[in-house]
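Participant:
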Amino acid sequence: MIKTEKVICAGGIIINNNGKVVVVNQNHDSWSLPKGHVDDGETFLDAALREIYEETGIKNPKFIKPLGSYGRYRIGLDGNDDLSHYKTIHIFLFESNQVKLKPVDENNPEAKWLKYAEAEKILTHPNDKKFFKKSIKSIINEK
Numbered sequence: 009m010i011k012t013e014k015v016i017c018a019g020g021i022i023i024n025n026n027g028k029v030v031v032v033n034q035n036h037d038s039w040s041l042p043k044g045h046v047d048d049g050e051t052f053l054d055a056a057l058r059e060i061y062e063e064t065g066i067k068n069p070k071f072i073k074p075l076g077s078y079g080r081y082r083i084g085l086d087g088n089d090d091l092s093h094y095k096t097i098h099i100f101l102f103e104s105n106q107v108k109l110k111p112v113d114e115n116n117p118e119a120k121w122l123k124y125a126e127a128e129k130i131l132t133h134p135n136d137k138k139f140f141k142k143s144i145k146s147i148i149n150e151k
């Protein structure tokens, strides 16, 4: 039986004024929203800001609001769920008009701005897609 490690993560949906959102490439084989582990003593929001900087190079995005949380297994090397690692991911909405994205985390070598529909298609994990789709729908309705 596989022992499942439970991990708390935080990250963000970062939008700009052109109807685009940032997605990040992880380990050259999957696409996700920028996010990562919450360090000891760190708030979810502080962790989200740190991870956004590390994975996109975006400094000081404007905090808009919390969007909620969801859970999923880590993506395994074979592209399937890695049942040894379950993440609870807390997501916040941010705004940034920083054009140039320059990740500083070598495990996340690429970040790019995409239209919402393109971003939804490229996200690798079905739970990321589901949360993103629900969140973007509410963001668009509020504008």
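With the numbering used here applied, the sequence shown corresponds to residues 9 to 151, in that order. The beta carbon of each residue, even a glycine, is placed where N, CA and C say it ideally should be. Please read all numbers here as calculations on a predicted model, not as lab measurements.
Which of the three DSSP states is assigned to Asn-24 in this structure?
Facilitator: Residue state, collapsed to three classes: coil.
Participant: I need the boundaries of the alpha helix (DSSP H) containing Asp-136, first residue and last residue.
Facilitator: Segment 134–150, the alpha helix (DSSP H) holding Asp-136.
Participant: In its own chain, which residues sit with a C-beta less than 7 Å from the C-beta of Lys-137, not counting the 5 before and 5 after it?
Facilitator: Excluding positions up to five away in sequence, the list reads Glu-128 and Leu-131.
Participant: What residue range is occupied by the uninterrupted alpha helix (DSSP H) comprising Thr-96?
Facilitator: Run containing Thr-96: none in the alpha helix (DSSP H); it sits in the beta strand (DSSP E), 89–103.
Participant: Out of Ile-83, Lys-28 and Phe-100, point me to the one whose CA is closest to Asn-135's CA.
Facilitator: Comparing Cα-Cα distances from Asn-135 to each of Ile-83, Lys-28 and Phe-100, the minimum goes to Ile-83.
Participant: Is DSSP giving Ile-72 helix, strand or coil here?
Facilitator: Ile-72 falls in the strand class under three-state DSSP.
Participant: For Trp-39, which option in Asp-47, Val-46, Leu-53 and Val-30 has the closest C-alpha, if you only look at C-alpha atoms?
Facilitator: The shortest Cα separation from Trp-39 among Asp-47, Val-46, Leu-53 and Val-30 belongs to Val-30.
Participant: Please report the straight-line C-alpha distance between Leu-101 and Val-15, rounded to a whole angstrom.
Facilitator: If you take the alpha carbons of Leu-101 and Val-15, they lie about 21 Å apart.
Participant: For the alpha helix (DSSP H) containing Glu-50, name the first residue and the last one.
Facilitator: Here Glu-50 belongs to no alpha helix (DSSP H), and DSSP marks it neither H nor E.
Participant: Is it buried or exposed for Thr-64, if we count other Cβ within 10 angstroms and need 16 for buried?
Facilitator: Thr-64 should be labelled buried.
Participant: Could you pull the start and end residues of the beta strand (DSSP E) that Lys-129 belongs to?
Facilitator: Lys-129 -> not in any beta strand (DSSP E); alpha helix (DSSP H) instead, spanning 124–130.
Participant: Would you check if the distance between the CB atom of Glu-59 and the CB atom of Gly-19 is smaller than 8 Å?
Facilitator: Against a cut-off of 8 Å, the Cβ pair of Gly-19 and Glu-59 comes out as a contact.
Participant: Nearest to Ser-104 by CA position, among Tyr-94, Trp-121 and Asn-115, is which residue?
Facilitator: Of Tyr-94, Trp-121 and Asn-115, the residue nearest in Cα terms is Trp-121.
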